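Engineer: Just passing along the structure, written as structure tokens.
6 protein chains.
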Amino acid sequence: MWDQFEAIAKDIQRDDFVKVQARVELYRNKPQLALIQVRLAKPEEIDLADYLPHTTADVEKMFAELRAYAESISNLWLKQLVLSLIGDPEIGRCYKRAPAAKVMHHAYIGGLLEHVISICGMARRVAGHYPELDVDLLLTAAILHDIGKLEELCYERAIGYTTPGQLLGHIVMELETVTRAIDKIPGFPAPLKTVVQHLLISHHGQYEFGSPKLPMIREAMVFHYLDDLDSKLAAVRVALDAPSGDDEWSAYSAALGRKFLKLDEFLKPATPGAPTESHQAVEPQPQAETPAAAAAAAADPAAPAANPTPEAPSLLRKLFS
Amino acid sequence: MWDQFEAIAKDIQRDDFVKVQARVELYRNKPQLALIQVRLAKPEEIDLADYLPHTTADVEKMFAELRAYAESISNLWLKQLVLSLIGDPEIGRCYKRAPAAKVMHHAYIGGLLEHVISICGMARRVAGHYPELDVDLLLTAAILHDIGKLEELCYERAIGYTTPGQLLGHIVMELETVTRAIDKIPGFPAPLKTVVQHLLISHHGQYEFGSPKLPMIREAMVFHYLDDLDSKLAAVRVALDAPSGDDEWSAYSAALGRKFLKLDEFLKPATPGAPTESHQAVEPQPQAETPAAAAAAAADPAAPAANPTPEAPSLLRKLFS
Amino acid sequence: MWDQFEAIAKDIQRDDFVKVQARVELYRNKPQLALIQVRLAKPEEIDLADYLPHTTADVEKMFAELRAYAESISNLWLKQLVLSLIGDPEIGRCYKRAPAAKVMHHAYIGGLLEHVISICGMARRVAGHYPELDVDLLLTAAILHDIGKLEELCYERAIGYTTPGQLLGHIVMELETVTRAIDKIPGFPAPLKTVVQHLLISHHGQYEFGSPKLPMIREAMVFHYLDDLDSKLAAVRVALDAPSGDDEWSAYSAALGRKFLKLDEFLKPATPGAPTESHQAVEPQPQAETPAAAAAAAADPAAPAANPTPEAPSLLRKLFS
Amino acid sequence: MWDQFEAIAKDIQRDDFVKVQARVELYRNKPQLALIQVRLAKPEEIDLADYLPHTTADVEKMFAELRAYAESISNLWLKQLVLSLIGDPEIGRCYKRAPAAKVMHHAYIGGLLEHVISICGMARRVAGHYPELDVDLLLTAAILHDIGKLEELCYERAIGYTTPGQLLGHIVMELETVTRAIDKIPGFPAPLKTVVQHLLISHHGQYEFGSPKLPMIREAMVFHYLDDLDSKLAAVRVALDAPSGDDEWSAYSAALGRKFLKLDEFLKPATPGAPTESHQAVEPQPQAETPAAAAAAAADPAAPAANPTPEAPSLLRKLFS
Amino acid sequence: MWDQFEAIAKDIQRDDFVKVQARVELYRNKPQLALIQVRLAKPEEIDLADYLPHTTADVEKMFAELRAYAESISNLWLKQLVLSLIGDPEIGRCYKRAPAAKVMHHAYIGGLLEHVISICGMARRVAGHYPELDVDLLLTAAILHDIGKLEELCYERAIGYTTPGQLLGHIVMELETVTRAIDKIPGFPAPLKTVVQHLLISHHGQYEFGSPKLPMIREAMVFHYLDDLDSKLAAVRVALDAPSGDDEWSAYSAALGRKFLKLDEFLKPATPGAPTESHQAVEPQPQAETPAAAAAAAADPAAPAANPTPEAPSLLRKLFS
Amino acid sequence: MWDQFEAIAKDIQRDDFVKVQARVELYRNKPQLALIQVRLAKPEEIDLADYLPHTTADVEKMFAELRAYAESISNLWLKQLVLSLIGDPEIGRCYKRAPAAKVMHHAYIGGLLEHVISICGMARRVAGHYPELDVDLLLTAAILHDIGKLEELCYERAIGYTTPGQLLGHIVMELETVTRAIDKIPGFPAPLKTVVQHLLISHHGQYEFGSPKLPMIREAMVFHYLDDLDSKLAAVRVALDAPSGDDEWSAYSAALGRKFLKLDEFLKPATPGAPTESHQAVEPQPQAETPAAAAAAAADPAAPAANPTPEAPSLLRKLFS
């Protein structure tokens, strides 16, 4: 076998798929494979979904949601810009597929779309809360801010960086893409073009993260927060989902520079065999039903608080109430 | 006058109020006051509201809102804790009065309450968006995270720092206050106490801002974002409201290390004499009414987008559509 | 054996002690163990001192020394505070056992006590030197500054961090312990309480080391130096004691970010077989005119230098005199 | 007068002394000087001590103390080196005069000597405490570490930097001076020379403070602490002595980046009219005389501590006992 | 006058030119202007060159030199790109006028051209020295790297930043300009376009100076050095040319964070009255003519070195030889 | 064999050469050596050049070039200084052998000489470009700036740091060497000595790289650039020459913190089988011969540029023209 192997190996390139026939053997009590036959897989034998991590969400449904957000933009120039981009068939095909990063967060096929949809949702919520914010700018930034990742990353057979992606980065790449799209819209106001460009280049929030300008528009600053928070929460999810070999702490997250507490494990009653009774013993005894009574009671630290309403979804309530 | 002044000045202390009689004179074309009489003001002559900047919102209404957020906490332990604190008459009195900072943001009487109410609202929105988040923890953090500022700052006659406030800071001060309140609640679960304490001490997010621990609980990390965003947006508001002597740029914000763009000034049509017509000329011509048509149109850059609906509130739409 | 092993392994938890029967075999010229039997050790078979590094000093004697330092505090409030804490049986039991850190310095059973005793001694010396310093504050800080480590670290079967220790840190933990002890002393002056709290929270000296406030009291600043110096000298000791595979340089100390010179090796005469004579040859002769006249001249420009007294303990003198 | 002034001013150079005759006038209620006559002062009219701040200590006595420290060095090579340097008449003359810095600390004539004597005293104390330390190296470092300041600074008519001092700094300057002195001592061991040089160049402790090497010898690291502590304590003294216009806080120290608490003001009883009685009211009541009794009492937080002995010098005791 | 002034002032905008008639008066021995008449200047009364600092070089000659550098590029794609840009009439007009910065370096009309020409010259020299470097890339980078400053800065009536310039910066602005020019050249190779874009965006060398990517191409790294060195040398020139009130030190350069030595002042012989003779006295006496003799002589420190050749231009030689 | 091995191993020290007799065997399809005999190599069996990487340039020729640069210095003092140092036989012997670093750049026998010669060449070029620069100072700095590396590094049998080298560093070491050489030249002007010393100590350009002073002389600042650029270009060479397992990217350079693009691979036409034709297709078609025509053509993006001259050496031209 090993002599033939050399000959076969010559024809195998990075990211090729191979078909292997082997025999399982035991060596020092660990199983190992003894190769019998190796050959390049034929295209019809390959289903990429078997090899690349993939969003569990429905990609087409997410893309429809993205388009709905784009159509909700009330400023006609921004709406036309955003729709012209996501309506481009090639951009659309890639948008449905691209991950949001190589390792940090949403590092799987469809991850970018998941990330953007989530930010769009938050953009509406934050603009609903702070009336001084323009939701159109936030949505435009959300939909376009990572569009350069369609080119910065490669995600056909493995997730990595393209060479132009390493040399330019997605901020510069999307700046070109979006600028060209703007220039195709006759009459697009010059100041608005500058604003859109500023939203893109400042969205990393700090020079050391590759933004050549700090956010100097209110919405640019807020958008940086939304993007950063969504990415970091995704990274926390990755850390907490990875096996850590520790009951109370997640695996170390290199992206965040720390471990995270497994809150439910830490808060759960110590004696799992009889949680209800033992826990009840230390629970504040309900004595008043109405919020007002509870508020009154709260002023007197000896008085217990009201019963939780049964539909309350809090994890903490489930554990301690 | 100047001889007597020495005698009078001896009795005047920092933060005293004085009554002054003077005559306006012109000196080198600038007006100046020539003192005639100076004396300490009598208490009945003083209305503090005349001297300290004050929230324009209704404090009692905001405090009722705060209490409503507290009562919406479903975990009984946390609810009891929070209500016992804001139900304390002395804490309540101060909470209605304290600013959120000396200069950075919400630096006026009632500013802390305004800041906290705003974060509570955002806490609900963000927990509605990310289902993994526990809204009870976020609300608890929001209501208690700056309670140490009631003691860190003084705000009777001027806004400043107390000496204990400078030596300990509000994080350490509220840690003591909240810990004592927890210890008065019989049976409060020890791990939940640790979680609350962690929320408080980590809320500045980074060591260099005085947090002795980085957020290591998901809600602690998110809460830091909510607090930081609300403070920074308030600082942007301050910068944009201050006179800057510049049409397009705000005053420099020391808190944020930059100026901010006056977006509406920058985007407004160049020729103010005839905005509608000249602007119409470069506006995309409406041809389709429905969103679907607009979306279709957007794919063709030559096709203009739909008319904005008249009730759309976007600043941008108002300016450019 | 290997089949049974799986069954046995299921019952073994982290930090359990196991009894192993094995046979030494040679594999590729390196010895290895072939397991015959594995079982959980019985409590009576375990002597923890066999598994955890331990101070070589007498713990009881050190604790008596600690108490003597506490009793030497002349301010009655501080003395009562410190004695009430170290007099607590549970605190006393832990204080005799706790290490000062997991890896950095004094990372062994009894290490904390060793570290604190040493700082107390230095506190007296530095206060003897700088008359403006209050020794009571320095001793109070010395005895209490790491009392939170009793809870931050676990040190029953292995040295590590407890989960609350990771979430809060020893500064926050001891702040609670010490504050509660102060509050139990009727009439403890409020400003003195603030001073003690400031000493605790500022003792790491800088924000990035987890102090939420910089030292703003003279003794707080000095105490930070004493604590830091004692810790760093202990870390140098660890580096110099570890095998480094190098004649002149210690192992690399991650705590200090460098190697340390083995001074005695570097300074020792090159020909160890005949150090005295060969060295004498290059020693300044305190009786001759030319080189020694220079040496002699140095003491009074005219008078020659004295012979070293035979009992002088300096390493350098031993090597070169 | 003003016409003549131009003529006179031409002859006045920086750091010249001038004799001024003037008349005090009132301008807008502030006094001002109206010049009548200006001329260069004659040498016999100038006493420099009137113009430069000066140590209050006896310089000759301090220099004798310095020599005594030098003579106490037991290693003959180091002793000869140190004595040859401070025995040099020109070095001696400057050493008695030089300040330790331009503004940071000991910024007055004789300040360097004061600083060095203080470190020598601490060197003995710290070497007495940590037996692994070589006191000879610490004393050598103490006496020589700032000898380059004799040339780096100018202090004849005003305290400032010389041009070579700015280009080279005192570390490089003293390296040359000390190296030349070593090379004049026949047979001075080469490794010991390297050690002395390392002590000099590493004494600022960090690259950013101008040390081209970090301390890699135990005594070098300790010496950096002693030097740093002595300088910082002197800077605290400067801050606390300066008028700050605040009862409880010192002036801001640019050297230390903060204010310092006026501890005695902060701790003094609130009602100065009747301090003794009102304070007694909250003092722990003495019930036991012996330390043992006090220690026993301390375990019971309700029991008060022993009376302070009357001669105890602590500031705190004076205030609160 | 002052009443009228208000009326006139209303019509004066920032950067307007005004015509003033005034009378010089003396006030407290300082001259001041007493206004008589103020009005807006008429266009024909304004010569901008009177108000803005201007290069002393011949702008047209420099621009011809720039074009010659462009035409020397041997790669046809790059040559066509560069010529198409500087051949554009509007770009050419601005290029001849733009400063290179607002304050840092070359902050005068024509400064950018001066800066670019200088770098082109250095690019040729460095490429002549290091054969691995491609001079075409260096020249392309030199000519295009600051072309965004034509839009980032305004320099009609005063030197400042445009609002789009502040929001985007010249790197992003020139990226758009150059990319559009590339896209107009049919067949321009895609990888070469990426390389040109990388040269532009990485030329500040570090993230904190606004480069979104570090140089990852050899020529990009070298170009950053050339640009940085030319800018810094210009800043040194500014510092040394400004009056500093000090014989040996320049004014403080905020751009460089230090002062610079006036080398010639520092090195010039101390007794200016008789420099030649007094200096000769300490000069090495020439004894040998050939370099070899000088080399031989140098090995013997007693032997003097060769005469300098009379045409040698060195400042040092003039001073000391 | 293995029993004897222990006995033999005892006599083998670090950096010894051994003679090994062994037999090649296959183990798990990888070849391995089975030792038969090991003994210390005899001196006559060792040719060091077989074991240490070595410059490919001719060392004697380079040294002659160095001397020629030294002799070209026109200032007699500097010339005498430099020649006295490189004329010293021991310095000369080491200078021909020393590497410029242990790992960063020029880490091979003769590397220092290569590095210095290269900087001398650049010094002439940069002084030719910027007339304000003194080439004598640049050449002096170039030849002397790393002379301390002769002692800082050891390079007899392996490249590493000497113990004094680690304690002092080459800047301090060469400061002593050069200062001693200056002091041997009677009448060497004191200010010029200070200037030379400043050039040496400031040549790392920043405190954190071990320069105790920032460059404050124009030539010192420029020299730092020349040294830094030459070192970094050498490090790029190392990265690009190392096998990286990647077609377009070099190995990661720890010295530079990044990978570098393999420019020629990235730019080469995609279809290597028929580069000329396929490439011609997208090449701009030559239509004009003279530069003027090309310039004219360039203004019209449709017009192709001039033919490259056949001897143009640019890599880019070769690839794309």
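Going down the list, the sequences are from chains A, B, C, D, E and F. Under this note's numbering, the first residue of the first sequence carries the number 6, and numbering increases by one thereafter. Under this note's numbering, the first residue of the second sequence carries the number 6, and numbering increases by one thereafter. Under this note's numbering, the first residue of the third sequence carries the number 6, and numbering increases by one thereafter. Under this note's numbering, the first residue of the fourth sequence carries the number 6, and numbering increases by one thereafter. Under this note's numbering, the first residue of the fifth sequence carries the number 6, and numbering increases by one thereafter. Under this note's numbering, the first residue of the sixth sequence carries the number 6, and numbering increases by one thereafter. Think of the CB as a built atom: it goes at the ideal place given N, C-alpha and C, for glycine as much as any other residue. Given the structure is predicted, the values throughout are model-derived calculations rather than measurements.
1. How would you list, in chain order, the residues of chain C whose beta-carbon sits under 8 Å from the beta-carbon of F:Leu172?
2. Taking only three categories from DSSP, how would you classify D:Leu138?
3. Relative to the C-alpha of E:Glu161, which candidate in E:Asp151, E:Asp269, E:Gly126, E:Lys107 has its C-alpha closest?
4. Tell me whether the beta-carbon of C:Val43 lies closer than 8 Å to the beta-carbon of C:Val29.
5. In chain C, which residues lie with their C-beta within 7 Å of the C-beta of B:Tyr212?
6. Can you tell me whether B:Gln37 is buried or exposed, with buried defined as 16 or more other CB within 10 angstroms of its CB?
7. Can you list the alpha helix (DSSP H) stretches of 4 or more residues lying completely in the stretch 167-218 of chain D, in chain order?
8. So for F:Pro36, helix, strand or coil by DSSP?
9. Just the chain E side, please: which residues come within less than 8 Å of F:His134 by C-beta, in chain order?
10. Going by DSSP, what residue range makes up the alpha helix (DSSP H) through A:Tyr160?
11. I need the boundaries of the alpha helix (DSSP H) containing F:Asp16, first residue and last residue.
12. Do you know offhand how far D:Ala146's Cα is from C:Glu137's?
13. In the DSSP output, what is D:Ser258 paired with across the bridge?
14. Rounding to the nearest angstrom, what Cα-Cα distance links A:Ile148 and F:Leu261 in this structure?
15. When burial is assigned at 16 or more other CB atoms within 10 Å of the CB, is C:Tyr32 buried or exposed?
16. Could you tell me whether the Cβ atoms of D:Leu231 and C:Val227 are closer together than 8 Å?
17. Under 6 Å Cβ to Cβ from F:Ala297, same chain only, skipping five residues before and after it: list those, please.
18. Would C:Ile114 and C:His59 qualify as a contact pair, given that the criterion is a beta-carbon distance under 8 Å?
19. What residue range is occupied by the uninterrupted alpha helix (DSSP H) comprising C:Glu76?
20. Answer yes or no: does any C-beta atom of chain E fall closer than 8 Å to that of F:Ile96?
21. Taking a contact to mean a Cβ-Cβ separation below 8 Å, would you say F:Leu143 touches F:Phe68 in this structure?
22. To the nearest angstrom, how far is the alpha carbon of E:Asn34 from that of D:Asn34?
23. Over what stretch of residues does the alpha helix (DSSP H) that includes A:Glu253 continue unbroken?
24. Going along chain A, which residues have a C-beta under 7 Å from E:Glu181?
25. Kindly indicate if chain D contains any beta-carbon less than 8 Å away from that of E:Phe228.
26. For F:His120, which of helix, strand or coil comes out of DSSP?
27. Using DSSP's beta-bridge definition, name the partner residues of F:His59.
28. DSSP three-state label for D:Lys154, please.
29. How many angstroms separate the CA atom of B:Leu180 from the CA atom of C:Asp151?
Structural biologist: In this structure, then:
1. By 1-based counting over the sixth sequence, the position of residue 172 of chain F is 167. Within 8 Å Cβ-Cβ: Leu266.
2. Along the fourth sequence, read from residue 1 onward, the residue named residue 138 of chain D stands at position 133. The answer is coil: DSSP assigns D:Leu138 none of H, G, I, E or B.
3. The residue you call residue 161 of chain E lines up with position 156 of the fifth sequence. Ranking the options by Cα distance to E:Glu161, first place goes to E:Lys107.
4. The residue given as residue 43 of chain C occupies position 38 in the third sequence. The residue given as residue 29 of chain C occupies position 24 in the third sequence. At a Cβ-Cβ threshold of 8 Å, C:Val43 and C:Val29 do not count as neighbours.
5. Here residue 212 of chain B refers to the residue found at position 207 when the second sequence is read from its first residue. Simply Tyr212, Glu213, Gly215.
6. Here residue 37 of chain B corresponds to residue number 32 of the second sequence, with the count starting at 1. By the neighbour-count criterion, in which a residue is buried when 16 or more other Cβ atoms sit within 10 angstroms of its Cβ, B:Gln37 is exposed.
7. Listed in chain order, the complete alpha helix (DSSP H) runs (minimum 4 residues) inside the stretch 167-218 of chain D are 168-188, 195-206.
8. Along the sixth sequence, one-based indexing puts residue 36 of chain F at 31. DSSP, read as helix, strand or coil, puts F:Pro36 in strand.
9. Position 129 of the sixth sequence, counted from the start, is the residue given in the question as residue 134 of chain F. Those within 8 Å of F:His134 in chain E are Ser123, Gly126, Met127, Arg130.
10. Position 155 of the first sequence, counted from the start, is the residue given in the question as residue 160 of chain A. Here A:Tyr160 belongs to no alpha helix (DSSP H), and DSSP marks it neither H nor E.
11. For the purposes of this step, residue 16 of chain F is identified with residue 11 of the sixth sequence, where counting begins at 1. It is not in any alpha helix (DSSP H) - F:Asp16 carries neither H nor E in the DSSP assignment.
12. In the fourth sequence, the residue the question calls residue 146 of chain D occupies position 141. In the third sequence, the residue the question calls residue 137 of chain C occupies position 132. Distance between the alpha carbons of D:Ala146 and C:Glu137 is about 25 Å.
13. Numbered from 1 along the fourth sequence, position 253 holds the residue referred to as residue 258 of chain D. D:Arg263.
14. Here residue 148 of chain A refers to the residue found at position 143 when the first sequence is read from its first residue. Here residue 261 of chain F refers to the residue found at position 256 when the sixth sequence is read from its first residue. Distance between the alpha carbons of A:Ile148 and F:Leu261: 35 Å.
15. Taking the first residue of the third sequence as 1, we reach residue 32 of chain C at position 27. Burial check for C:Tyr32: the Cβ neighbour count within 10 Å stays below 16, so the residue is exposed.
16. Taking the first residue of the fourth sequence as position 1, residue 231 of chain D is located at position 226. Taking the first residue of the third sequence as position 1, residue 227 of chain C is located at position 222. No, the pair does not count as a contact, with Cβ atoms beyond the cut-off.
17. Within the sixth sequence, residue 297 of chain F is the residue found at index 292, counting from 1. Note that F:Ala297 scores a pLDDT of 40, beneath 50, so its modelled location is shaky; the value from the coordinates is reported in the next line. Short of 6 Å from the beta carbon of F:Ala297, and not among the five residues preceding or following it, lies no beta carbon of its own chain.
18. As a first step, residue 114 of chain C is located in the third sequence; it is residue number 109 there, counting from the start. As a first step, residue 59 of chain C is located in the third sequence; it is residue number 54 there, counting from the start. Yes, Cβ-Cβ distance for C:Ile114 and C:His59 is below 8 Å.
19. Taking the first residue of the third sequence as 1, we reach residue 76 of chain C at position 71. Per DSSP, C:Glu76 belongs to the alpha helix (DSSP H) from 64-76.
20. For this step, residue 96 of chain F is matched to residue 91 along the sixth sequence. Chain E contact via Cβ: absent.
21. Residue numbering aside, residue 143 of chain F sits at position 138 when the sixth sequence is read from its first letter. Residue numbering aside, residue 68 of chain F sits at position 63 when the sixth sequence is read from its first letter. The answer is no: Cβ separation not under 8 Å.
22. Within the fifth sequence, numbered from 1, the residue matching residue 34 of chain E stands at position 29. Within the fourth sequence, numbered from 1, the residue matching residue 34 of chain D stands at position 29. The alpha-carbon atoms of E:Asn34 and D:Asn34 are separated by roughly 20 Å.
23. Locating residue 253 of chain A in the first sequence gives position 248, counting from the first residue. Where A:Glu253 is concerned, there is no enclosing alpha helix (DSSP H), because DSSP gives it neither an H nor an E.
24. Counted from its first residue, the fifth sequence places residue 181 of chain E at position 176. Going along chain A in sequence order, the residues near E:Glu181 (Cβ under 7 Å) are Thr184.
25. Taking the first residue of the fifth sequence as position 1, residue 228 of chain E is located at position 223. It does not; no Cβ of chain D falls within 8 Å.
26. As a position in the sixth sequence, residue 120 of chain F is number 115, starting the count at 1. DSSP places F:His120 in helix when its eight states are reduced to three.
27. Here the question's residue 59 of chain F lines up with position 54 in the sixth sequence. Paired residues: F:Ile114.
28. The residue given as residue 154 of chain D occupies position 149 in the fourth sequence. Reduced to three states, the DSSP call for D:Lys154 is helix.
29. Numbered from 1 along the second sequence, position 175 holds the residue referred to as residue 180 of chain B. Numbered from 1 along the third sequence, position 146 holds the residue referred to as residue 151 of chain C. For B:Leu180 and C:Asp151, the distance between alpha carbons rounds to 18 Å.
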